[in-house]
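The block underneath contains the structure these notes are about, expressed in structure tokens.
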Amino acid sequence: MDYEPPWYGTVCPVVWEDGRCEPASYPIVVFVSTCYSLFDMIGFLIKKAFFDFWDNMIRVVIINLGFIVLMGIGVYLPYLLRFNLAGAIAGIFIAVIMFNVYAGAASLMARDIVDYKSTGIREFWEYVKEIWQSTIPLSVITGLQFAVIIIAFPFYSALGGILGLGALSLIFWISVIWWLAAQYYFPVRIRLDDKPKKILKKCFLLLFDNTGFTIFLGIGTVATLALTVFTAFLLPGIMGILIWHGAALKLRLLKYDYLEQHPNVNRKEIPWDALLVEEREKVGTRTFKGMIFPWKE
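Under numbering that gives the first Met the number 0, the residue at position 14 of the sequence shown is numbered 13, and the numbers go up by one with no gaps.
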């Protein structure tokens with residue numbers, strides 16, 4: 000099924016739900032109920048991502064060890080070629096491609112974890128073959144972004160003045176918007192489309208249609224990354240971040256399934272309680288004792 004969040008802005012006209020030019024009125028009770036349902040969905044996302052990580056910790060650690068090795072290569076390879084500018088740049092791009100190919104395969108593993116499937120490390124190499132082509136556009140964009148930051152930031156910082164400040168601000172916000180949208184890249188590739196242009200398009204559609212949720216997703220990514228740095232990239236690690244992104248898109252797509260089945264409903268009133276019933280049953284209820292000693296429950 001091809002999910003297509005709606006276009007906004009200058010792309011097509013937007014009308015209010017009641018068909019008039021004036022904003023529709025929403026009762027306070029409905030607004031509060033909608034907010035509660037949304038926060039309940041966010042709370043469940045945190046719970047699901049954590050338990051998906053916890054239940055598959057051994058696999059997560061093994062995959063994260065691979066990320067640590069690749070990050071080491073990413074640091075050492077440009078250093079080894081530092082005396083040749085072209086060689087150093089080539090080393091950075093090679094390291095970025097290797098990292099993204101590995102991350103793409105790890106995202107497929109994360110998909111299996113989020114979908115409650117049991118897969119082993121042996122499937123990992125099949126996933127590399129499946130996804131490597133889709134990682135090339137992402138690697139090119141990431142490489143260009145690094146190049147712009149490394150070259151442009153020092154240049155415009157030294158330039159100073161209104162022009163320098165404006166250029167730095169523009170580069171910063173473009174980078175932030177891209178980073179927020181890029182959180183969906185691998186989940187969209189895995190669940191929705193394998194064509195690079197459509198992947199990128201849907202990433203930005205998801206960003207602009209779910210801006211608040213995407214910002215929250217980004218905050219969760221930063222928090223997970225901070226914890227990852229504290230644990231020397233072992234736990235939750237990059238794999239934990241991929242599980243976080245994969246779980247987020249899986250739950251968010253329930254919204255689009257519902258809107259496809261009910262095209263005339265208010266888009267701001269999504270019944271998350273009803274949509275998450277099956278997922279709640281699969282995650283189940285956990286206790287601290289059961290998490291540490293599952294065989295005793």
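Heads up, the beta-carbon is just placed ideally off N, CA and C, and yes, glycines get one too.
Counting along the chain, the unbroken alpha helix (DSSP H) around D272 starts and ends at W271 to L274.
With a beta-carbon spacing of about 5 Å, V95 and S138 fall inside the 8 Å limit used to define contacts. Assignment of beta strand (DSSP E) within the segment 111-166, counting only whole runs of 3 or more residues, yields no such run.
Secondary structure note for L199: its alpha helix (DSSP H) is the uninterrupted segment P195 to D208.
Between the alpha carbons of K196 and T286 lies a distance of about 44 Å.
Note on P262: under 16 other CB atoms within 10 angstroms of its CB, so exposed under the neighbour-count rule. Excluding residues up to 5 positions away in sequence, L69 and G73 lie with their Cβ nearer than 7 Å to the Cβ of F98 in the same chain. With respect to the C-alpha of Q144, the residue from I130, E129 and A181 having the closest C-alpha is A181. Here E268 carries a coil assignment [DSSP, helix/strand/coil]. Our two residues, K200 and H244, have alpha carbons roughly 17 Å apart in a direct line. Counting only the Cα atoms, A105 lies some 14 Å from D51. The residues R251, in chain order, have a CB closer than 7 Å to that of N209 in the same chain once the five nearest residues on each side in sequence are set aside. Distance from V60 to V100 at the Cβ level is roughly 20 Å; contact not present, criterion being Cβ atoms closer than 8 Å. Counting the other Cβ atoms within 10 Å of the Cβ of G211 gives fewer than 16, which makes it exposed. Here DSSP, grouped into helix, strand and coil, assigns G283 to coil.
Listed in chain order, the non-local C-beta contacts of G86 below 7 Å within the same chain comprise L80, local neighbours out to five positions each way being set aside. Between F123 and F232, the beta carbon gap of about 18 Å keeps them out of contact (Cβ cut-off 8 Å). In the structure shown, Q260 falls within a helical segment according to DSSP collapsed to helix, strand and coil.
Judged by their CB atoms, F43 and L275 are nearer to each other than the 7 Å cut-off. Residue burial annotation: T230 is exposed, with fewer than 16 other C-beta atoms found within 10 angstroms of its C-beta. About 14 Å separates the beta carbons of K116 and E278, which is beyond the 8 Å limit, so they are not a contact pair.
Each of Y257, L258 and T213 was checked against the Cα of Y184, and the nearest Cα belongs to T213. Here G90 is buried: its Cβ has 16 or more other Cβ atoms, across all protein chains shown, within 10 Å.
Exclusion of the five residues before and after L226 leaves P235 as the residues of its chain whose Cβ lies within less than 7 Å of its Cβ. Take the alpha-carbon of P270 and the one of A157: they are about 52 Å apart. Leaving aside the five residues that flank A246 on each side, the residues in its chain whose CB is nearer than 7 Å to its CB run, in chain order, L44, K47, A48, D51 and V113. Excluding its 5 nearest sequence neighbours in each direction, F203 has C-beta neighbours in its own chain below 8 Å: A180, listed in chain order. The straight-line gap separating the alpha-carbon atoms of T141 and D272 is approximately 38 Å. A distance below 7 Å separates the beta carbons of I130 and G103. Straight-line measurement puts the Cα of R188 at about 8 Å from the Cα of K194.
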